[in-house]
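Participant:
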Amino acid sequence: EAQVTQNPRYLITVTGKKLTVTCSQNMNHEYMSWYRQDPGLGLRQIYYSMNVEVTDKGDVPEGYKVSRKEKRNFPLILESPSPNQTSLYFCASSLRGHVVSGELFFGEGSRLTVL
Amino acid sequence: GESVGLHLPTLSVQEGDNSIINCAYSNSASDYFIWYKQESGKGPQFIIDIRSNMDKRQGQRVTVLLNKTVKHLSLQIAATQPGDSAVYFCAENNQAGTALIFGKGTTLSVSS
Numbered sequence: 163e164a165q166v167t168q169n170p171r172y173l174i175t176v177t178g179k180k181l182t183v184t185c186s187q188n189m190n191h192e193y194m195s196w197y198r199q200d201p202g203l204g205l206r207q208i209y210y211s212m213n214v215e216v217t218d219k220g221d222v223p224e225g226y227k228v229s230r231k232e233k234r235n236f237p238l239i240l241e242s243p244s245p246n247q248t249s250l251y252f253c254a255s256s257l258r259g260h261v262v263s264g265e266l267f268f269g270e271g272s273r274l275t276v277l
Numbered sequence: 000g001e002s003v004g005l006h007l008p009t010l011s012v013q014e015g016d017n018s019i020i021n022c023a024y025s026n027s028a029s030d031y032f033i034w035y036k037q038e039s040g041k042g043p044q045f046i047i048d049i050r051s052n053m054d055k056r057q058g059q060r061v062t063v064l065l066n067k068t069v070k071h072l073s074l075q076i077a078a079t080q081p082g083d084s085a086v087y088f089c090a091e092n093n094q095a096g097t098a099l100i101f102g103k104g105t106t107l108s109v110s111s
């Protein structure tokens with residue numbers, strides 16, 4: 163089954179404790195991206211990757227890091243989480259390296275709470 | 000700047016009615032628009048898309064209309080069902096084509 167898989171789905175952590183949210187897709191997609199969803203603000207892009215070893219900042223990259231060592235995986239790293247990073251995070255992927263080429267497939271989301 | 004908005008945050012309809020969800024966008028250079036459906040506890044799910052060289056596109060029970068003159072996008076759902084209850088987002092590509100810019104969403108509630 164074609165899917166984007168995120169882990170963990172739910173996490174409560176404390177300020178400053180490094181964490182990684184993993185994302186994996188099994189569709190051989192070139193493009194992957196991370197969004198965060200907050201009430202009243204909608205979905206905002208954090209980082210994206212056009213292909214392996216090619217990553218770039220989205221609209222809200224502060225406090226986050228990403229890597230794209232393999233085509234299928236695109237982890238989101240919070241080196242020192244803060245309460246303002248409490249949010250619902252979505253990983254997404256698209257077949258080609260340009261979103262206009264096709265639809266974006268989303269994972270089920272990871273709800274993160276930073277105390 | 001680029002922004003995509005929706006006219007109404009909520010819409011309530013009766014089962015069997017037709018639903019119309021509206022969206023206004025600000026970037027006249029956008030050439031690709033998508034509607035997504037997000038059910039509670041799930042990620043956004045693609046419904047239908049349209050390119051700027053079209054003004055109408057139909058899918059199964061859904062129709063998207065694009066009016067570039069007034070920068071308006073709408074999603075029409077025919078014979079709305081309780082399973083259509085969700086948050087609906089319109090989105091447009093950013094100028095670089097590296098992201099989708101999402102609107103704030105309209106919550107559709109369908110009562111039977």
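Chains W and A supply the protein sequences, listed in that same order. Going by my numbering, 276 is the number at position 114 of the first sequence; the sequence numbering is gapless. Going by my numbering, 7 is the number at position 8 of the second sequence; the sequence numbering is gapless. We put the CB at the ideal spot given by N, CA and C, even for glycine. This one's a predicted model, so the numbers in the text were calculated from it and none came from an experiment.
Using a Cβ-Cβ cutoff of 9 Å, what residues of the stretch 215–237 of chain W are near chain A? List them in chain order.
Facilitator: Within the stretch 215–237 of chain W, the qualifying residues are D218, G220 and D221.
Participant: Can you give me the C-alpha to C-alpha distance between G42 of chain A and G271 of chain W, rounded to a whole angstrom?
Facilitator: Working through the second sequence from its first residue, we reach residue 42 of chain A at position 43. Working through the first sequence from its first residue, we reach residue 271 of chain W at position 109. Their backbone Cα atoms lie some 6 Å apart in a straight line.
Participant: Excluding five sequence neighbours on each side, which residues of the same chain lie with their C-beta closer than 6 Å to the C-beta of G0 of chain A?
Facilitator: Walking along the second sequence from the start, residue 0 of chain A turns up at place 1. Because the pLDDT of G0 of chain A is 35, which lies under 50, any placement of that residue in the model is unreliable, and the question is left without a value.
Participant: Does G202 of chain W come out as helix, strand or coil in the three-state DSSP assignment?
Facilitator: For the purposes of this step, residue 202 of chain W is identified with residue 40 of the first sequence, where counting begins at 1. Coil at G202 of chain W, not helix or strand.
Participant: Quick one, are the C-beta atoms of T106 of chain A and Y87 of chain A less than 9 Å apart?
Facilitator: The residue labelled residue 106 of chain A in the question sits at position 107 within the second sequence. The residue labelled residue 87 of chain A in the question sits at position 88 within the second sequence. Cβ atoms of T106 of chain A and Y87 of chain A: closer than 9 Å.
Participant: Applying the 10 Å Cβ sphere with the 16-neighbour rule, what's the burial state of S255 of chain W?
Facilitator: Numbered from its first residue, the first sequence carries residue 255 of chain W at position 93. The residue is buried, with at least 16 neighbouring Cβ atoms inside 10 Å.
Participant: In this structure, does DSSP put N26 of chain A in helix, strand or coil?
Facilitator: Residue numbering aside, residue 26 of chain A sits at position 27 when the second sequence is read from its first letter. Reduced to three states, the DSSP call for N26 of chain A is coil.
Participant: CA-CA distance, P170 of chain W and S229 of chain W?
Facilitator: Residue numbering aside, residue 170 of chain W sits at position 8 when the first sequence is read from its first letter. Residue numbering aside, residue 229 of chain W sits at position 67 when the first sequence is read from its first letter. When rounded, the distance between both Cα atoms is 17 Å.
Participant: Got a sec: is the Cβ-Cβ distance from E192 of chain W to anything in chain A below 9 Å?
Facilitator: Residue numbering aside, residue 192 of chain W sits at position 30 when the first sequence is read from its first letter. With 9 Å as the cut-off, E192 of chain W does not count as an interface residue toward chain A.
Participant: What residues from the stretch 56–90 of chain A come within 9 Å of chain W, judged by C-beta to C-beta, listed N to C?
Facilitator: So the close ones are F88 and A90.
Participant: Can you give me the C-alpha to C-alpha distance between A98 of chain A and S186 of chain W, rounded to a whole angstrom?
Facilitator: The residue you call residue 98 of chain A lines up with position 99 of the second sequence. The residue you call residue 186 of chain W lines up with position 24 of the first sequence. Their Cα atoms are separated by approximately 19 Å.
Participant: Can you confirm whether D16 of chain A, when its beta carbon is compared against all beta carbons of chain W, has any partner nearer than 9 Å?
Facilitator: Here residue 16 of chain A corresponds to residue number 17 of the second sequence, with the count starting at 1. Not one chain W Cβ lies under 9 Å of D16 of chain A.
Participant: Going along the chain, which residues of the stretch 10–39 of chain A sit with their C-beta nearer than 9 Å to a C-beta in chain W?
Facilitator: The stretch 10–39 of chain A vs chain W, Cβ under 9 Å: D30, Y31, I33, Y35 and Q37.
Participant: Starting from A85 of chain A and walking both ways along the beta strand (DSSP E), at which residues does that stretch end?
Facilitator: The residue labelled residue 85 of chain A in the question sits at position 86 within the second sequence. First-last of the beta strand (DSSP E) with A85 of chain A: A85 to N92.
Participant: Does the distance from the CB of R60 of chain A to the CB of A85 of chain A come in under 9 Å?
Facilitator: To locate residue 60 of chain A, count along the second sequence from 1; it is residue 61. To locate residue 85 of chain A, count along the second sequence from 1; it is residue 86. No, they are not a contact pair.
Participant: For K36 of chain A, count neighbouring C-beta atoms within 10 Å of its own C-beta (all shown protein chains included) and say buried if the count is 16 or more, exposed if not.
Facilitator: The residue labelled residue 36 of chain A in the question sits at position 37 within the second sequence. By the 10 Å Cβ count, K36 of chain A comes out buried.
Participant: Would you decide whether G197 of chain W is buried or exposed? Buried here means 16 or more other CB atoms lie within 10 Å of its CB.
Facilitator: Here residue 197 of chain W refers to the residue found at position 35 of the first sequence. Note that residue 197 of chain W corresponds to Tyr in the displayed sequence, not to Gly. It counts as buried.
Participant: What first and last residue would you give for the beta strand (DSSP E) that runs through S11 of chain A?
Facilitator: On the second sequence, residue 11 of chain A is found 12 positions in, with the first residue counted as 1. Where S11 of chain A is concerned, the enclosing beta strand (DSSP E) stretches over T9 to Q13.
Participant: Compute the distance between the beta-carbons of N17 of chain A and Q75 of chain A, then report whether it is under 9 Å.
Facilitator: Taking the second sequence and counting its residues from 1, the one referred to as residue 17 of chain A is at position 18. Taking the second sequence and counting its residues from 1, the one referred to as residue 75 of chain A is at position 76. Contact: yes.
Participant: Could you please give the first and the last residue of the uninterrupted beta strand (DSSP E) stretch that includes N246 of chain W?
Facilitator: Working through the first sequence from its first residue, we reach residue 246 of chain W at position 84. From DSSP, N246 of chain W is part of no beta strand (DSSP E); its letter is neither H nor E.
Participant: Run down chain W in chain order and give the residues with a C-beta less than 9 Å from the C-beta of L99 of chain A.
Facilitator: Along the second sequence, read from residue 1 onward, the residue named residue 99 of chain A stands at position 100. Neighbours of L99 of chain A on chain W, chain order: S195, Y197, L205, Q207, A254, V261 and L266.
Participant: Runs of 3 residues minimum, wholly inside the stretch 29–85 of chain A: which ones carry the beta strand (DSSP E) assignment?
Facilitator: DSSP runs (the beta strand (DSSP E)) wholly in the stretch 29–85 of chain A: 31–37, 44–50, 55–57, 61–66 and 71–76.
Participant: Give a yes or no on whether the C-beta atoms belonging to L181 of chain W and P243 of chain W are separated by under 9 Å.
Facilitator: Locating residue 181 of chain W in the first sequence gives position 19, counting from the first residue. Locating residue 243 of chain W in the first sequence gives position 81, counting from the first residue. Yes, the Cβ-Cβ distance between L181 of chain W and P243 of chain W is below 9 Å.
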